[in-house]
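Since the structure comes first, as structure tokens, the remarks are kept for the end.
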Amino acid sequence: MYVSHTHFKITNPIGWFLFQFHAVRSGNQAGRSKGNVKWTAWAATIRNVCTVSVWESEAHMRAFMTSGAHLVAMKLSRYMGHGYTVGWEIEDLDALPDLQTLRVDGERRLREKLRAQSLEHWLPA
Numbered sequence: 350m351y352v353s354h355t356h357f358k359i360t361n362p363i364g365w366f367l368f369q370f371h372a373v374r375s376g377n378q379a380g381r382s383k384g385n386v387k388w389t390a391w392a393a394t395i396r397n398v399c400t401v402s403v404w405e406s407e408a409h410m411r412a413f414m415t416s417g418a419h420l421v422a423m424k425l426s427r428y429m430g431h432g433y434t435v436g437w438e439i440e441d442l443d444a445l446p447d448l449q450t451l452r453v454d455g456e457r458r459l460r461e462k463l464r465a466q467s468l469e470h471w472l473p474a
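In this note's numbering, the protein residues as written are 350 to 474.
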């Protein structure tokens with residue numbers, strides 16, 4: 350299984366509306382995508398939106414990411430803000446954590462990734 354955690358920071362008011370439109374379409378696509386096990390999205394703050402999704406494989410996640418509504422949203426993302434993502438494999442399928450646990454783990458992993466790039470200030474406290 351492959352877990353993907355994304356954090357998107359909306360940088361302008363018009364971008365917020367554009368993001369909402371494309372987030373709904375991308376969420377619908379994720380729910381229908383082949384290989385998607387489960388996913389969730391939440392607003393960390395009014396301008397910071399996160400997702401965590403579990404896929405049968407990284408290839409399934411990449412097929413979703415590079416097609417349909419999500420691809421359109423990625424191409425328009427520069428008008429909305431900017432985002433970072435982190436992904437990891439889960440070996441033990443029987444021990445797949447719940448989405449809340451994956452959310453906390455994803456936030457920790459993303460902070461570590463951004464800290465290594467001296468970009469930790471980018472995330473909300």
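Even for Gly, the Cβ is constructed at its ideal location relative to N, Cα and C.
Since the structure is predicted, the reported quantities are computational estimates derived from the model, not experimental observations.
The shortest CA-to-CA distance from residue 377 to any of 362, 402, 366 and 447 is the one to 402.
Using a Cβ distance threshold of 9 Å, residue 434 and residue 353 count as a contacting pair.
Boundaries of the alpha helix (DSSP H) harbouring residue 450: 448 to 465, taken from the DSSP string. Counting C-beta pairs with one atom in each stretch, the region 453 to 466 and the region 421 to 435 have three or more that are closer than 8 Å, which means they touch. DSSP, read as helix, strand or coil, puts residue 424 in helix.
Distance from the CA atom of residue 359 to the CA atom of residue 440, rounded to whole angstroms, is 33 Å.
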